[in-house]
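Q: Just so you know, we're using my numbering here: the sequence shown kicks off at 62 and counts up by one.
Just dropping this structure here.
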Amino acid sequence: MYSLKGKKVWVAGHRGMVGAALMRRLASEDCELLTVTRDTVDLRRQAEVEGWLAEHRPEAVFIPAARVGGILANDSFPAEFLYDNLMIEANIINAAWQNGVEKLLFLGSSCIYPKMAEQPMKEDALLTGPLEPTNQWYAVAKIAGIKLAQAYRRQYGCDFISAMPTNLYGIGDNFDLDSSHVLPALIAKMHMAKEAGDAEVVIWGTGAPKREFLYVDDCADALVFLMTHYSGEEHVNVGYGDDLTIQELAQKVKAVVGFEGALVNDTSKPDGTPRKLMDSTRLHNLGWRPRTGLDEGIAKVYRWYLETGGNGRGV
Ligand code: GFB
Numbered sequence: 062m063y064s065l066k067g068k069k070v071w072v073a074g075h076r077g078m079v080g081a082a083l084m085r086r087l088a089s090e091d092c093e094l095l096t097v098t099r100d101t102v103d104l105r106r107q108a109e110v111e112g113w114l115a116e117h118r119p120e121a122v123f124i125p126a127a128r129v130g131g132i133l134a135n136d137s138f139p140a141e142f143l144y145d146n147l148m149i150e151a152n153i154i155n156a157a158w159q160n161g162v163e164k165l166l167f168l169g170s171s172c173i174y175p176k177m178a179e180q181p182m183k184e185d186a187l188l189t190g191p192l193e194p195t196n197q198w199y200a201v202a203k204i205a206g207i208k209l210a211q212a213y214r215r216q217y218g219c220d221f222i223s224a225m226p227t228n229l230y231g232i233g234d235n236f237d238l239d240s241s242h243v244l245p246a247l248i249a250k251m252h253m254a255k256e257a258g259d260a261e262v263v264i265w266g267t268g269a270p271k272r273e274f275l276y277v278d279d280c281a282d283a284l285v286f287l288m289t290h291y292s293g294e295e296h297v298n299v300g301y302g303d304d305l306t307i308q309e310l311a312q313k314v315k316a317v318v319g320f321e322g323a324l325v326n327d328t329s330k331p332d333g334t335p336r337k338l339m340d341s342t343r344l345h346n347l348g349w350r351p352r353t354g355l356d357e358g359i360a361k362v363y364r365w366y367l368e369t370g371g372n373g374r375g376v
């Protein structure tokens, strides 16, 4: 439906895990990739975003740029998770309209759905109930982003769409234990415990919550697929199709890393949403499927972690 061939394509947030995966995926499309670093344009500053878009005039825009983090970071920095994400998406979407961007894809998150949403969660579960308190700030910002894309489509006829990925993981992830998501945290914790010969590793919460994990390069492939095959007001779920408990995930990571000690639960830490499995039927019906299984994905990330230390310096 929309061809990227010969187009100027801006990946806003190209250094993040999803942005970097999009850059890898788009390298095989016949398009010109535009990027800008934070030193040049702070996406939270309207004048900087407007000036950059007016000068560089991208034809297509992906917005993986966001302040992101795991359950503790979301719960600890509500102001930044709400303000930064609202500003980033509002600045880019409005400036994209002003500058005649042909197609824009906004990226949200599965936490936009109510805490107790029926499982698997369909797109129409949005705004049907209260949000999970630990990440309500981030969720409200992402819901506003969906609504912005819809509003510019309705009022100005802009071809702006939204994709809602499930929990993502992959190379380029954040391994900092205070701000990371669970999968990279477990890799880092178990690796360090193995190296130190520790007897146990702490798992936050009860280990009972269930999560669905999608490998980031599969997500990037789905985003390019939606950019080129989907045009509509409704956001589209981007999931893997299966979930598992945090305890089961910890066992998988333990096996890949080769940690032989015990797993201990710290129930003073929050569990968050009990379950958030996406219903990705809409995306599947459009013709897209994920490729990377969870075991294969964890092994890839651990290899990358060993090579880079998760920060480019080596372990
Ligand atoms: O990945 P995670 O931080 O985010 O946590 P959410 C998922 C589950 O893993 C929670 C547990 O039940 C955590 O308590 N967990 C166990 C751990 N050990 C650890 C650990 O060492 N580190 C971390 N981080 N978790 C986020 C939202 O929710 O998901 C964001 O806060 C966003 O807004 C993102 O939506 C995708 O899945 O709970």
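Backbone N, C-alpha and C fix where the C-beta goes; we use that ideal spot for every residue, glycine too.
It should be emphasised that the depicted structure is a prediction, and the values quoted were computed from it without experimental measurement.
Which runs of the alpha helix (DSSP H) spanning at least 4 residues fall entirely within the region 129 to 158, listed in chain order?
A: 132 to 137
Q: Could you name the residues, in chain order, whose CB is less than 5 Å away from a heavy atom belonging to the ligand GFB?
A: Around the ligand GFB, the residues selected by a Cβ distance under 5 Å to any of its heavy atoms are G131, I132, N135, S170, C172, N196, Y199, N228, H242, V243, A246, I264, W265, G266, P270, I307, D332, G333, following chain order.
Q: Which two residues bound the contiguous alpha helix (DSSP H) that contains K164?
A: Position 103 of the sequence shown, counting from 1, holds the residue named residue 164. First-last for K164: 164 to 168, but that is the beta strand (DSSP E), not the alpha helix (DSSP H).
Q: At what residues does the beta strand (DSSP E) containing L324 begin and finish?
A: Numbered from its first residue, the sequence shown carries residue 324 at position 263. L324 -> beta strand (DSSP E) spans 323 to 327.
Q: Check whether the Cβ atoms of V297 and L275 lie closer than 9 Å to each other.
A: Position 236 of the sequence shown holds residue 297. Position 214 of the sequence shown holds residue 275. The answer is no: Cβ separation not under 9 Å.
Q: Which same chain residues end up closer than 7 Å to F286 when comparing Cβ atoms and leaving out the 5 residues on each side of it in sequence?
A: Your numbering for residue 286 matches position 225 in the sequence shown. Taken in chain order, the residues that qualify are W349.
Q: Tell me, to the nearest whole angstrom, how far the beta carbon of R336 is from that of D303; I am working on the premise that it is less than 8 Å.
A: By 1-based counting over the sequence shown, the position of residue 336 is 275. By 1-based counting over the sequence shown, the position of residue 303 is 242. No, R336 and D303 are not in contact; Cβ-Cβ is about 12 Å, not under 8 Å.
Q: Using a threshold of 9 Å, state whether the C-beta atoms of M339 and P119 are closer than that.
A: In the sequence shown, residue 339 corresponds to position 278, counting from 1. In the sequence shown, residue 119 corresponds to position 58, counting from 1. No.
Q: How many Å lie between M148 and N346 at the Cα?
A: Position 87 of the sequence shown, counted from the start, is the residue given in the question as residue 148. Position 285 of the sequence shown, counted from the start, is the residue given in the question as residue 346. Those two C-alpha atoms are separated by around 33 Å.
Q: How would you label E193, buried or exposed, when you count the other beta carbons within 10 angstroms and need 16 or more for buried?
A: Here residue 193 corresponds to residue number 132 of the sequence shown, with the count starting at 1. By the 10 Å Cβ count, E193 comes out buried.
Q: Cα separation between V263 and V79?
A: Walking along the sequence shown from the start, residue 263 turns up at place 202. Walking along the sequence shown from the start, residue 79 turns up at place 18. Rounded to whole angstroms, V263 to V79 spans 28 Å at the Cα level.
Q: So, with DSSP's three-state summary, where would you put T369?
A: Here residue 369 corresponds to residue number 308 of the sequence shown, with the count starting at 1. Looking at T369 - three-state DSSP - the assignment turns out to be helix.
Q: Cutting at 8 Å between CB atoms, please list the residues of its own chain near G358, excluding the five before and the five after it.
A: In the sequence shown, the residue the question calls residue 358 occupies position 297. Within the same chain, G358 has close Cβ partners Y230, G231, F274, Y276.
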